[in-house]
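Taking it in order: structure first as structure tokens, then the write-up.
Protein chains: 2
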Amino acid sequence: MSTDAIDVKNTGVTSSNNKPQKEKPARAVGSVGQAKSAEDATLVRALVSAGSISDPDGPRGRLIGAAARLFQDKGFALTTVRDIAAEVGILSGSIFHHVKNKEELLCAIMLEVTRLAKARMAAAVERQTHPRDRLLACITCELEAIHGLAVPGFPILVTEWRCLSPANQAKVLAEREQYEAIWLQVLEQRPPDCGIADPQLARRLLLGALSHTHNWFKPRGRGLTMKTLAEQALLTVWSNSHH
Amino acid sequence: MSTDAIDVKNTGVTSSNNKPQKEKPARAVGSVGQAKSAEDATLVRALVSAGSISDPDGPRGRLIGAAARLFQDKGFALTTVRDIAAEVGILSGSIFHHVKNKEELLCAIMLEVTRLAKARMAAAVERQTHPRDRLLACITCELEAIHGLAVPGFPILVTEWRCLSPANQAKVLAEREQYEAIWLQVLEQRPPDCGIADPQLARRLLLGALSHTHNWFKPRGRGLTMKTLAEQALLTVWSNSHH
DNA sequence: AACGGTACCAAGCAAGCGCTTGGTTATCAA
DNA sequence: TTGATAACCAAGCGCTTGCTTGGTACCGTT
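As they're listed, the protein sequences go chains A and B. If you want this note's numbering, it's the 1-based position in the first sequence plus 2. If you want this note's numbering, it's the 1-based position in the second sequence plus 2.
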């Protein structure tokens, strides 16, 4: 064991105090349903009272939110239940008062994240009327989710997928299918001869390109903006020959 | 503790004998430089004698190949050194005769995988003369690597990236940059007005779309072939208005 | 005042983890 | 024949992990 200050495992968290010590809780804020705009806030409230996601201010909501943040930063396997407990401000054993085990916690996060993302995208689509604007809205919606502007924990759906047992994968998949149905419906309304014809294939290639932006696009940077990124991504499945 | 036969952690490996037992080696075959065609075989041989990758039939090459397979299937964190040792056919402690620690093993895999992929793509590009054929060759090359037809362990580069320490990330990145330079060079030779103008942005979106195919495309399926998938992916950054 | 439920603490167990140590065997050049 | 080196075994150490157990404080109802 080295006593270096650098973080050997690249968790992004360099402890300033790693001497042996008892568990100590910290403070905690935020959750999956942490809204950035007024519209999102009302959307979250509706989902909470519908029972689709847990209250961000309740104990379970805080737990899920903290775990989501850590899973996104360090990954499921490299995040310990003690890490999560410290982020919430409780002791590690208390976690299992709210969830059966660590994997069920991941499953709960994925379910709630999917539900919120789905509701947000449905709302964004209905705000537009023209097919092209609808597709652009979907892309923007997805980019906002990926880059933490609206749906905290969204990238977990891709990166930590295989950490779920097949049974839990099936549960999340059932929820996810409705999400992708929205995409498909929007892509089907493209005019003919605008690149990739098959809507299903177009959806898969486009979603792949978008989710990969998580690895390189910095929304804070002043070079490429999210708006122009969305427009360029649109060109991928909608050639510009038609207006 | 459950005694079920199902694999709770979804490792894909359900042991038929999980009673407490001493470590027992198994048999082992293959490595990173496991070629599928005659051309690939000579390419691997050249890289081996150049010292760029280790001999697939040597002890170190077998270790790297076995670890690459397991890291790809179960992920770095969920693969134990005992798993790797069993796959090679040695005991767990013997691993550290060849590498300093587990992370250095991952780093070695990524370096060798990158070098092989780079050499393969450079060869594929030089086999073509027209810009469009060159880009299609790159796409095909990437797809073959992703789906295990040419460069075993290739998807690890994406999925296990953050398991590396910053120092090791820098090492792999240095090798990776030459790989992406090939892409950029090919994309710069596109005619104007064929969709996304910026070659760098086109490369990022295209590579994202391709790497995501790992999650859904089944090259064995008799629906979509890899050839038509490559052609459709090409449309993403090369609109069909020009021949 | 008694009660039941929620939310949590305090302590620790059993198992599994990466890795070390000291020794054994096979190979091959001098 | 000797000796250096590579490849591996056998055993286990020290630590971390997910999770359990038994108990306590607080809350709103009745």
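The C-beta atom is built at its ideal place from N, Cα and C for all residues, glycine as well.
Can you tell which of the options has the C-alpha that lies nearest to the C-alpha of residue i?
i: A147 (chain A); options: A:A68, A:K120, A:Q130 and A:L72; result: A:K120
i: W163 (chain A); options: A:L151, A:C196, A:I97 and A:T116; result: A:T116
i: N103 (chain A); options: A:F78, A:A125, A:E89 and A:A88; result: A:F78
i: T230 (chain A); options: A:F98, A:L145, A:L80 and A:Q171; result: A:L145
i: A232 (chain B); options: B:I141, B:S94 and B:E106; result: B:I141
i: C165 (chain B); options: B:S39, B:L80 and B:R129; result: B:L80
i: H216 (chain A); options: A:A139, A:P157, A:A48 and A:H99; result: A:P157
i: A68 (chain A); options: A:E89, A:L189 and A:P221; result: A:E89
i: A124 (chain B); options: B:P61, B:L108 and B:C143; result: B:C143
i: S39 (chain A); options: A:P168, A:D59 and A:A152; result: A:A152
Enumerate in chain order the residues of its own chain whose CB-to-CB distance from residue i is below 6 Å, with the five nearest sequence positions on each side excluded.
i: V160 (chain B); result: S213
i: G155 (chain A); result: V34, A70, Q74, I111 and V115
i: D85 (chain A); result: L72
i: E190 (chain B); result: P201
i: L107 (chain A); result: A69 and V101
i: N170 (chain B); result: C109
At least one CB of chain A closer than 8 Å to the CB of residue i: is that the case?
i: A235 (chain B); result: yes
i: I198 (chain B); result: yes
i: R192 (chain B); result: no
i: A110 (chain B); result: no
i: M228 (chain B); result: no
i: R206 (chain B); result: yes
i: D6 (chain B); result: Here the model assigns D6 (chain B) a pLDDT of 30, short of 50, so the residue's position is not dependable, and the following value carries that caveat. With 8 Å as the cut-off, D6 (chain B) does not count as an interface residue toward chain A.
i: L203 (chain B); result: yes
What residues in its chain sit with their C-beta under 7 Å from that of residue i, if we drop five residues either side in the sequence?
i: S54 (chain B); result: R117
i: D57 (chain A); result: V50 and G63
i: A110 (chain B); result: I66 and V101
i: V83 (chain A); result: S94, I97 and K104
i: D195 (chain A); result: none
Determine the burial state of residue i: buried for a count of at least 16 other Cβ atoms within 10 Å of its Cβ, exposed for fewer.
i: Q234 (chain B); result: buried
i: D42 (chain B); result: buried
i: G225 (chain A); result: exposed
i: S243 (chain B); result: exposed
i: A48 (chain B); result: exposed
i: A183 (chain B); result: exposed
i: A2 (chain B); result: Outside the modelled stretch of chain B, which goes from 3 to 245, sits residue 2 (chain B), for which no answer is possible.
i: G60 (chain A); result: exposed
Near residue i, what residues of its chain come up, given a Cβ to Cβ distance below 8 Å and the 5 sequence neighbours on each side ignored?
i: L113 (chain A); result: K173, V174 and E177
i: H149 (chain B); result: T215, H216, F219, P221 and M228
i: V188 (chain A); result: V127, P133, R136, L137 and C140
i: Y181 (chain A); result: T116, A119, K120 and M123
i: E25 (chain A); result: R84, A87, A88, L93 and S94
i: S167 (chain B); result: E105
Measuring only between beta-carbons, confirm whether residue i sits less than 8 Å from chain B.
i: S213 (chain A); result: yes
i: A147 (chain A); result: no
i: W185 (chain A); result: no
i: L159 (chain A); result: no
i: E241 (chain A); result: The residue asked about is misnamed: residue 241 (chain A) is Ser in this sequence, not Glu. It does: the Cβ of S241 (chain A) has a partner Cβ on chain B nearer than 8 Å.
i: R224 (chain A); result: no
i: A232 (chain A); result: no
i: T116 (chain A); result: no
i: A79 (chain A); result: yes
i: G155 (chain A); result: no
i: G210 (chain A); result: yes
i: T238 (chain A); result: yes
i: R164 (chain A); result: yes
Would you grab the beta carbon distance between residue i and residue j for me? Rounded to a whole angstrom, and I think it's under 8 Å.
i: V127 (chain A); j: R134 (chain A); result: Not confirmed; about 12 Å, so no contact.
i: L208 (chain A); j: T238 (chain A); result: 6 Å
i: W247 (chain B); j: G197 (chain B); result: Here chain B comprises residues numbered 3 to 245, so residue 247 (chain B) is not present and cannot be evaluated.
i: R122 (chain B); j: L45 (chain B); result: 6 Å
i: R205 (chain B); j: L236 (chain B); result: No, R205 (chain B) and L236 (chain B) are not in contact; Cβ-Cβ is about 13 Å, not under 8 Å.
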